[in-house]
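Contents: one structure, followed by commentary.
Protein chains: 4
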Amino acid sequence: MGLPGRKTNGEGTGTPRRSRRTAAGELKRGLILEAARAVFESEGLDGASLRAIAAKAGYTPAALYFHFESKEAIYAEVLQASMARLGAAMTRRAARAKSPAERLRAAAMGFFDFYQKNPRDLDLGFYLFRGGMKPRGLGAERDRALNAALAALLEPIALAAEELGAGRAEAERLMVECFAHAAGLLLLAHTGRIRMFGASAPRLMASYLDEKLERLGTGPAGPA
Amino acid sequence: MGLPGRKTNGEGTGTPRRSRRTAAGELKRGLILEAARAVFESEGLDGASLRAIAAKAGYTPAALYFHFESKEAIYAEVLQASMARLGAAMTRRAARAKSPAERLRAAAMGFFDFYQKNPRDLDLGFYLFRGGMKPRGLGAERDRALNAALAALLEPIALAAEELGAGRAEAERLMVECFAHAAGLLLLAHTGRIRMFGASAPRLMASYLDEKLERLGTGPAGPA
Amino acid sequence: MGLPGRKTNGEGTGTPRRSRRTAAGELKRGLILEAARAVFESEGLDGASLRAIAAKAGYTPAALYFHFESKEAIYAEVLQASMARLGAAMTRRAARAKSPAERLRAAAMGFFDFYQKNPRDLDLGFYLFRGGMKPRGLGAERDRALNAALAALLEPIALAAEELGAGRAEAERLMVECFAHAAGLLLLAHTGRIRMFGASAPRLMASYLDEKLERLGTGPAGPA
Amino acid sequence: MGLPGRKTNGEGTGTPRRSRRTAAGELKRGLILEAARAVFESEGLDGASLRAIAAKAGYTPAALYFHFESKEAIYAEVLQASMARLGAAMTRRAARAKSPAERLRAAAMGFFDFYQKNPRDLDLGFYLFRGGMKPRGLGAERDRALNAALAALLEPIALAAEELGAGRAEAERLMVECFAHAAGLLLLAHTGRIRMFGASAPRLMASYLDEKLERLGTGPAGPA
DNA sequence: TATGAATGAGTATTCATTCAT
DNA sequence: TATGAATGAATACTCATTCAT
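Going line by line, the protein sequences match chains A, B, C and D.
Residue numbers 1 to 224, in UniProt numbering, belong to the letters of the first sequence in order.
Residue numbers 1 to 224, in UniProt numbering, belong to the letters of the second sequence in order.
Residue numbers 1 to 224, in UniProt numbering, belong to the letters of the third sequence in order.
Residue numbers 1 to 224, in UniProt numbering, belong to the letters of the fourth sequence in order.
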């Protein structure tokens, strides 16, 4: 009666065997992802079991397997959606910026503030960008996609730096530095290590950008 | 790689109630911690179950409870050992520094390099400093201890900054910023997001410190 | 011996959240309860672990969780079924009684005889009516339900006493006394302490009722 | 190292292989039993693990095996001690009784009150008089001993009844009835089923004895 | 497309007991 | 006489996944 446990797990690469052509199908996928996000939000990463997601979505756990290959696939798509929201937030913010310097600030602070205000998205990002995804074969491809998405998201920072006179290499370096500083501050803030030093994360991020911009104006910092 | 470090291991931390001061006992504790580290290394944090650790150590799961109060206690002690090694590395490095500026650099780069070279310790740190430890009753107390240890480890940075003319507040801010930048860079490097931009994490860290030191020499950055 | 009784089994008791009204499902539930009863019978209450029950039923332990919320839920339902059988037996007996005195006797002796003939049901009752159910959160609610069921079962004794002229308070007292005497005799009989005195439990119960009835006829015993 | 789990369990009957001749040995046995009692008192039956008892006694679990054959053996001896205390309480009470009727009352109420006031002893009695003791071979002999002790304890009731004119058979029957009624009331009281009917257990016991004594005075109830 | 049913592996922890020392 | 160390079996319960229907 129902031989289980034989984790055959697809044909190797990671492309779902489902057709995914019907409009109804897409809609249901969306509802499930919504439910997953809600569960992440309320229960955190550890509480976000397939069962919990299914329950929230009004489905049986088994039903999800028609729409998604695995739990990790759901996680990944939720992260994708999260990054899409992040991108939207950053775009919204950039639209109001008038000068290159303002664009740089808008992009970097947009990134920072999004995660500052949505700590669960941060959780998600940390989790999935790290070793969370077990079936590595599946992960590799998605990893590329996530990297590309991330690069696209951060690109405005580099562009603005170029507009401010930096060379391409320097501009990219600055972009990475901003990303790193933001990530570090967020990590600290998120885990309470910032408050413990009596500091304010957003202010630290802002002043970091101040210094960077000032330096950009002054002149190139030399090759590093 | 084995040496569990100096452990101090007073009477209040998290060891079973009995006396257990025998040399053989301590040795076995060490072997178990070694095994735990190895499991972290090979299986990642999620795979580091009690069973896995016990198996690696050549024990029955139940046997571990003679030596440790709980799984979390093992985790915590492994982390403690990791931080002890970090501290030792930083101290070694600081010993060779002659000027305040060098001391600051030594401390910050010592911190950074340790984790750069021991990515599993980084994993451990990230995991345990975050919400990983569920049973909050135990966790709360240990959290304080870890925070204190961390603060003590980073303090040399602040001290050096003060020697360089910074006020206490500014010095602490700088310390936090260095910590955050290092953490961010490590995170990125660790997850492959740095190479993808063709950058070198240690060089980025070094140049971050250059800028900071230069700014310190120039004069205070104003209140933030 | 199988029939789990009338179970009523509304929507609030202790069954998994889903609809599950399928005939096959109910049947399997019944089989599991049967198995649970059998395990109680052969292993005693302490040996009645989930595993044991599952094994007897031909299931994996995990499978039971599809049909029941928890181990205690199984216990409770087995007890419910037991009480349902008890109720049926008492009702059958009461139907043949013509006078109030006969009704009182029928109720009390029906209660007594049921447990006398089904010692495992007695075990079950003793166990579950005592501190056996650890998770008090669940237990508290169920406890009320069981108390109510028990009270309803014994009520005919009090009613008959009232018909025989007793006031409400006296009638209830008598009911409790009968219950206690029956419980005590059953306990003794069940543990072999009765035979050891060369006495017959049913005869003792019957003569206890004789005395009580005689006393009721004579007049009230005064306040106690 | 250290092949365990092979429950060889003595040579069959239940006589400990220990010598038990030294005075010091007896003293330590006593201390352990004391500890066991204290644990029963504070933790209840389920919390009374060997480990807990050993800890309370200031020993290692393994140490207890020098003094006792098994956990059940400790339980049994604690019960023996409990019954000894019960006997003492009853004797004390009987000493103050002047007439046969008073002696009967003293014995029965002494029994009842002891358990009423020491519910943990009741727990113990219920547990061990029932199927609690797993190694049945061991249990059989002890069972006889316990039965004998119990019979001796209750005998004063029968004796008093004889003094009041009852034949031996009738006297024994009365003794058993009193025992049963007390046991039943205690069970109900102990599990909260008495309060639920708004009755008071001791009062019910007392009035039961009133009726019995009245009936004894009146004349024999005829053979049953 | 979805469900009910079931699985096997896994979770941390407790237990009474044993044995070398 | 007692300990430290270890064991194997047990505990209830969760998980992602599968499959027949």
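Each residue gets a CB set at the ideal place from its N, CA and C atoms; glycine is no exception.
Exercise for the section: Measuring only between beta-carbons, confirm whether D/Ile157 sits less than 8 Å from chain C. Expected result: no
Practice task
Return yes when the Cβ of B/Gln116 is within less than 8 Å of the Cβ of B/Ala189, no when it is not.
Solution key: yes
Handout entry: Cβ separation of B/Ala166 and B/Leu216, assumed to be a contact under 8 Å, to the nearest whole Å
Key = 6 Å
Exercise for the section: Determine, using beta-carbon pairs with one atom in the stretch 195-215 of chain B and one in the stretch 170-185 of chain B, whether at least three such pairs fall under 8 Å. Expected result: yes
Problem - Contact set between B/Phe112 and chain A, taken where Cβ atoms lie within less than 9 Å - result: Ordered by position in chain A, no residue passes the 9 Å Cβ test against B/Phe112, which lies about 11 Å from the chain.
Problem - Boundaries (first-last residue) of the alpha helix (DSSP H) holding D/Phe40 - result: 23-47
Handout entry: Minimum length 4: unbroken alpha helix (DSSP H) runs contained in the stretch 60-105 of chain A
Key = 61-67, 71-95
Handout entry: Three-state class that DSSP yields for A/Asn118 in the structure shown
Key = coil
Practice task
Could you tell me whether the Cβ of A/Gly47 comes closer than 8 Å to any Cβ of chain B?
Solution key: A/Gly47 does not count as touching chain B.
Handout entry: Under 9 Å (Cβ pairs) to chain C, residues found in the stretch 169-180 of chain D
Key = Ala169, Glu172, Arg173, Met175, Val176, Glu177, Phe179, Ala180
Exercise for the section: Since I believe C/Leu153 is in contact with C/Met90 (beta carbons under 8 Å), could you give me their beta-carbon distance rounded to a whole number of angstroms? Expected result: C/Met90 to C/Leu153, Cβ: 6 Å. Contact.
Handout entry: Chain-ordered neighbours of B/Phe183 on chain A, where CB pairs are closer than 8 Å
Key = Note on identity: in this sequence residue 183 of chain B is Ala, with Phe being the wrong assignment. Within chain A, the residues near B/Ala183 are Ala183, Gly184, Leu187, Leu188.
Practice task
Closer than 8 Å by beta-carbon distance: list the chain D residues that pair up with C/Leu204, in chain order.
Solution key: Arg173, Val176, Glu177, Ala180, Ala224
Exercise for the section: Ignore the nearest five residues each way along the sequence and tell me which others in B/Gly44's own chain have a CB closer than 6 Å to its CB. Expected result: none
Exercise for the section: Please compile the residues from chain A whose C-beta is within a distance smaller than 7 Å of the C-beta of B/Leu199. Expected result: The question names Leu, but residue 199 of chain B is Ala in the sequence shown. Those are Arg173, Val176, listed as they occur along chain A.
Practice task
Taking 8 Å as the cut-off, decide whether the C-beta atoms of D/Ala84 and D/Gly110 are in contact.
Solution key: no
Handout entry: Outcome for C/Lys71 when other beta-carbon atoms lying within 10 angstroms are tallied against a minimum of 16
Key = buried
Handout entry: Whole-angstrom distance between C/Ala23 and C/Glu214, CA atom to CA atom
Key = Straight-line Cα distance between these residues: approximately 51 Å.
Practice task
Just the C-alpha distance for A/Glu34 and B/Gly125, rounded to the nearest angstrom, thanks.
Solution key: Going by C-alpha positions, A/Glu34 is about 32 Å away from B/Gly125.
Problem - Counted within 10 angstroms of its Cβ, other Cβ atoms place A/Gly192 as buried (16 or more) or exposed - result: Per the 10 Å Cβ criterion, exposed.
Practice task
For chain C, find out if any of its Cβ atoms is closer than 8 Å to the Cβ of D/Leu150; answer yes or no.
Solution key: yes
Exercise for the section: For D/Arg144, name the three-state secondary structure that DSSP assigns. Expected result: Residue state, collapsed to three classes: helix.
Practice task
State buried or exposed for A/Ala54, treating a residue as buried only when at least 16 other CB atoms are found within 10 Å of its CB.
Solution key: buried
Problem - A/Leu159 versus A/Ala148 - alpha carbon distance - result: 16 Å
Exercise for the section: Could you round the C-beta distance between D/Ile194 and D/Ala183 to whole angstroms and report it? I think they count as a contact, below 8 Å. Expected result: That pair is no contact at about 13 Å.
Practice task
Sort A/Ala145, A/Phe40, A/Leu31 by Cα distance to A/Gly58 and report the nearest one.
Solution key: Comparing Cα positions, the closest option is A/Leu31.
Exercise for the section: Can you tell me which of the three DSSP states A/Arg215 falls into? Expected result: helix
Practice task
Quick one: give me the first and last residue of the alpha helix (DSSP H) that D/Leu164 is part of.
Solution key: No alpha helix (DSSP H) holds D/Leu164; DSSP gives it neither H nor E.
Practice task
May I have the straight-line CA-CA distance separating C/Leu209 from C/Ser49, to the nearest angstrom?
Solution key: 39 Å
Handout entry: Top-ranked residue by Cα proximity to B/Glu141, from B/Ala73, B/Phe40, B/Gly25, B/Asp123
Key = Considering only alpha carbons, the answer is B/Ala73.
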